[in-house]
Amino acid sequence: MSTNTMNSLADASGRVGASVTTGSGLSFVGVLRSEWIKLWSLRSTVWSFALVVVVSVGMALLIALASRMDQSGVAIPPEAQVGYLVTASTVGIFFAQMIVAVLGVMSVTGEYSTGMIKSSLTAVPRRLPMLAAKGVVVFVATYLVGLGSILAAYLVASAIFAQGDIGASLAEPEMLRGLFAGPLFLALIAIFALGMGTVFRSTAGGIATVLGILLVLPIVLGLIPADWATDASPYLIGNAGPEIVASSGFSAVKEGWQNLLIVIGWVAVSSVFAALLLKRRDA
Numbered sequence: 094m095s096t097n098t099m100n101s102l103a104d105a106s107g108r109v110g111a112s113v114t115t116g117s118g119l120s121f122v123g124v125l126r127s128e129w130i131k132l133w134s135l136r137s138t139v140w141s142f143a144l145v146v147v148v149s150v151g152m153a154l155l156i157a158l159a160s161r162m163d164q165s166g167v168a169i170p171p172e173a174q175v176g177y178l179v180t181a182s183t184v185g186i187f188f189a190q191m192i193v194a195v196l197g198v199m200s201v202t203g204e205y206s207t208g209m210i211k212s213s214l215t216a217v218p219r220r221l222p223m224l225a226a227k228g229v230v231v232f233v234a235t236y237l238v239g240l241g242s243i244l245a246a247y248l249v250a251s252a253i254f255a256q257g258d259i260g261a262s263l264a265e266p267e268m269l270r271g272l273f274a275g276p277l278f279l280a281l282i283a284i285f286a287l288g289m290g291t292v293f294r295s296t297a298g299g300i301a302t303v304l305g306i307l308l309v310l311p312i313v314l315g316l317i318p319a320d321w322a323t324d325a326s327p328y329l330i331g332n333a334g335p336e337i338v339a340s341s342g343f344s345a346v347k348e349g350w351q352n353l354l355i356v357i358g359w360v361a362v363s364s365v366f367a368a369l370l371l372k373r374r375d376a
């Protein structure tokens, strides 16, 4: 065996040893980097995240102004003041969840529509590391944007409420819950949507299914006059998600961590189906 051949084999072995079992020369870090670049190269990503911030701040502004007018000249106890700030800071999440759901679906269906998915799966033939990396990137990006949007909403709402001597520190437990649980909910919705996008491989089909589960299914169950529908309603992802951020007092599932487990369960089901179908189907 020639020296050149031995050197080539050594180099190849080194690359495989350095990789994190992606089935190719790419390490998992390399796949992460590739997915990060792909996500932010899409104009829809920038516009979607910008819209999340605008919606969050805009809703905080509207809620704060409306609350100021309703409570003008009325003394508000400290615990109620915290509630006002939490509501104003996190109310935009209801609308933001739809935005990140669309983004989550498009982060994978966009590759199917352009044919780029074939190149991605060629680079990572074991496939699942690519899906995992895409999930990590979408989760982290959505969480960070969600955190920034809620913080910005809090600052805007605080400035308006301060004119009426209403305020609450970020150190308040309810404020901290909203600040960190809100972005977590949005990030989980994005991962749920990514899984559904992988299952359907169609932007229209994925978005319709995700928004149907989030928004339509709770309404449908609410219209059914049966005990089983009432009992099942709190376990829908669209109903359990907001309870992670702040308890409404109306849900049968009272604890935030219990609602978090419900949402994680929906995400897990979506992700498992996505992984199974990605492995079995042709690109």
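For the sequence shown, the positions run 94 to 376 when our numbering is used. Ideal Cβ positions, reconstructed from N, Cα and C, are used throughout, including at glycine. Note that the structure is predicted; figures quoted are calculated from it, not measured.
When burial is assigned at 16 or more other CB atoms within 10 Å of the CB, is residue i buried or exposed?
i, result
"A333", "buried"
"S137", "exposed"
"A226", "buried"
"F142", "buried"
"S251", "buried"
"T323", "exposed"
"I312", "exposed"
"E348", "exposed"
"F293", "buried"
"D375", "exposed"
Flag this pair as yes or no: are the beta carbons of residue i and residue j separated by less than 8 Å?
i, j, result
"P335", "F188", "no"
"G260", "A339", "no"
"S242", "V145", "yes"
"L329", "L310", "yes"
"V360", "I337", "no"
"L56", "A368", "Any question about residue 56 goes unanswered here, given that the chain covers just 94 to 376."
"A325", "L314", "yes"
"G185", "A153", "yes"
"M268", "S363", "no"
Give me the Cα-Cα distance between residue i and residue j, rounded to the nearest whole angstrom.
i, j, result
"P218", "A280", "27 Å"
"I284", "A173", "34 Å"
"D258", "I169", "9 Å"
"A297", "T202", "9 Å"
"V249", "G151", "9 Å"
"G208", "V230", "21 Å"
"I300", "G331", "15 Å"
"A157", "V148", "14 Å"
"P266", "V179", "10 Å"
"A181", "R373", "46 Å"
"D104", "S213", "Low per-residue confidence applies at D104: pLDDT is 42, beneath 50, and the placement is therefore not dependable enough to give any value."
"L304", "L135", "22 Å"
Contact defined as beta carbons within less than 8 Å: I believe residue i pairs with residue j. What is the distance between those atoms, to the nearest angstrom?
i, j, result
"V365", "M223", "V365 to M223, Cβ: 16 Å. No contact."
"I282", "A159", "The pair is not a contact, with the Cβ atoms about 26 Å apart (cut-off 8 Å)."
Taking 7 Å as the cut-off, is the beta-carbon of residue i closer than that to any non-hydrogen atom of the ligand ATP?
i, result
"T138", "With respect to small molecules bound, the structure shown includes none, and the ligand ATP cannot be examined in it."
Quiz item: What are the complete alpha helix (DSSP H) segments, minimum 4 residues, inside the segment 121 to 189?
Solution: 121 to 134, 136 to 163 and 171 to 183
Practice problem: At 4 residues or longer, and completely inside the segment 202 to 250: list those alpha helix (DSSP H) runs for me, N to C. | Solution: 209 to 216
Practice problem: Starting from the N-terminal side, write out each stretch of the beta strand (DSSP E) that is 3 residues or longer and does not extend beyond the segment 257 to 321. | Solution: none
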